[in-house]
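Trainee: Numbering follows this note's numbering, in which position 125 of the sequence shown is assigned residue number 133; successive positions increment by one, without gaps.
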Amino acid sequence: MWRRKKVACKPYEGLARIYDYLMRHINYQEWADYIEGIFSILGVRPEDILELACGTGTLALELARRGYNVSGTDASEAMIMIARQKACEIGIQVRFERMDMRYINTLKQFSAVLCLYDSINYLRTEEELRKTLEGVSSILHPGGLFIFDICTEANSLRHFRDIREAGKGDGFLYQRHSFYDPASKIHTNEFQVRFDGEPVIFTEFHQQRIYSLVELIDEINSSPLNLIELYDGFTFQKGTEDSDRVHFVLRKEASQPP
Numbered sequence: 009m010w011r012r013k014k015v016a017c018k019p020y021e022g023l024a025r026i027y028d029y030l031m032r033h034i035n036y037q038e039w040a041d042y043i044e045g046i047f048s049i050l051g052v053r054p055e056d057i058l059e060l061a062c063g064t065g066t067l068a069l070e071l072a073r074r075g076y077n078v079s080g081t082d083a084s085e086a087m088i089m090i091a092r093q094k095a096c097e098i099g100i101q102v103r104f105e106r107m108d109m110r111y112i113n114t115l116k117q118f119s120a121v122l123c124l125y126d127s128i129n130y131l132r133t134e135e136e137l138r139k140t141l142e143g144v145s146s147i148l149h150p151g152g153l154f155i156f157d158i159c160t161e162a163n164s165l166r167h168f169r170d171i172r173e174a175g176k177g178d179g180f181l182y183q184r185h186s187f188y189d190p191a192s193k194i195h196t197n198e199f200q201v202r203f204d205g206e207p208v209i210f211t212e213f214h215q216q217r218i219y220s221l222v223e224l225i226d227e228i229n230s231s232p233l234n235l236i237e238l239y240d241g242f243t244f245q246k247g248t249e250d251s252d253r254v255h256f257v258l259r260k261e262a263s264q265p266p
């Protein structure tokens with residue numbers, strides 16, 4: 009264990025600087041392909057897309073590169089700052105703003121809202137989930153889509169029940185402890201990051217609620233949105249409790265007011 013003063017950070021406050029390194033194994037082009045596949049199945053091409061919990065903006069920028077009008081929001085100011093910098097560097101216009109998805113406060117309406125990479129799992133109570141679903145409905149055009157994904161309990165038990173890893177990149181070292189508590193249904197990721205030339209270790213605790221599909225479907229059925237489909241991982245097969253990841257596709261009724 010490193011011998012430096014530890015500084016506790018909010019999720020993605022200290023981690024933002026190494027987030028793209030940690031996520032380098034993710035193929036965002038394939039994820040964008042998958043989202044476009046869902047659009048194709050439903051016969052739509054959304055005019056305006058909002059990505060909630062957009063992180064450093066990689067997926068939002070990829071969709072914008074494909075001709076979509078995209079906006080991105082995230083609760084972490086540090087992540088948003090990096091997303092803006094990336095957009096500026098590659099010359100793609102995407103509006104990135106800090107916003108907590110539990111408190112959606114944009115007046116703009118969208119044809120589709122995305123919330124990916126198990127960001128919904130950060131909503132730890134049914135009330136937070138309910139507020140988010142209602143908030144999304146309020147900014148969707150009638151007939152608009154909400155696509156989100158979750159990690160399942162099967163995923164936590166199979167792959168991340170109690171793992172430790174450490175690594176290093178250009179100018180930093182990190183450690184991660186990932187563990188799942190089946191009793192509380194909470195999956196925790198503890199990160200420690202040490203940057204060269206800085207006297208402290210940044211620590212972050214990320215806690216995610218692992219919902220069952222039944223719990224999520226019950227909340228969706230009580231919301232203003234309709235469940236269209238749930239898919240297993242990055243396929244178009246039916247998602248089940250045994251899936252590692254499930255994509256949910258919801259739609260706002262065409263007759264609903266904003």
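Glycine residues also receive a C-beta, built at the ideal position from the N, C-alpha and C atoms.
This structure is a prediction, so every number in the text was calculated from the model and none was measured.
Could you give the DSSP three-state label for Y130: helix, strand or coil?
Mentor: On the sequence shown, position 122 is the one that residue 130 refers to. For Y130, the three-state secondary structure derived from DSSP is helix.
Trainee: Once DSSP output is grouped into helix, strand and coil, what is the label at E261?
Mentor: By one-based count along the sequence shown, residue 261 stands at place 253. In the structure shown, E261 sits in coil (DSSP, three-state: anything other than H, G, I, E or B).
Trainee: Decide if A174 is buried, meaning its Cβ has at least 16 other Cβ atoms within 10 Å, or exposed.
Mentor: Residue numbering aside, residue 174 sits at position 166 when the sequence shown is read from its first letter. Counting Cβ neighbours within 10 Å, A174 comes out exposed, since fewer than 16 surround it.
Trainee: Note the first and the last residue of the continuous beta strand (DSSP E) segment covering V102.
Mentor: To locate residue 102, count along the sequence shown from 1; it is residue 94. No beta strand (DSSP E) holds V102; DSSP gives it neither H nor E.
Trainee: At 3 residues or longer, what runs of the beta strand (DSSP E) sit wholly inside the stretch 10-93?
Mentor: 13-17, 56-60, 77-82
Trainee: Which residue's Cα is closest to the Cα of Y111: V78, C62, E85, E142?
Mentor: Here residue 111 is taken as the residue at index 103 of the sequence shown, counted from 1. It is E142.
Trainee: With contact counted as at least three CB pairs below 8 Å, one residue from each stretch, are the stretch 189-200 and the stretch 248-257 in contact?
Mentor: no
Trainee: Excluding sequence positions up to five away, which residues of its chain have a Cβ less than 6 Å from the Cβ of I228?
Mentor: Against the sequence shown, residue 228 aligns to sequence position 220. If we look at I228 and ignore the five residues flanking it on each side, its Cβ neighbours are L235.
Trainee: Go to A162, then tell me how far its alpha helix (DSSP H) extends in each direction, as first and last residue.
Mentor: Working through the sequence shown from its first residue, we reach residue 162 at position 154. Note, A162: alpha helix (DSSP H), 161-167.
Trainee: Going by beta carbon distance, what residues of the same chain come within less than 6 Å of R184, once the five residues before and after it are set aside?
Mentor: Here the question's residue 184 lines up with position 176 in the sequence shown. Within the same chain, R184 has close Cβ partners E173, F199.
Trainee: At which residues does the beta strand (DSSP E) containing L181 begin and terminate?
Mentor: As a position in the sequence shown, residue 181 is number 173, starting the count at 1. From DSSP, the beta strand (DSSP E) with L181 extends over 180-189.
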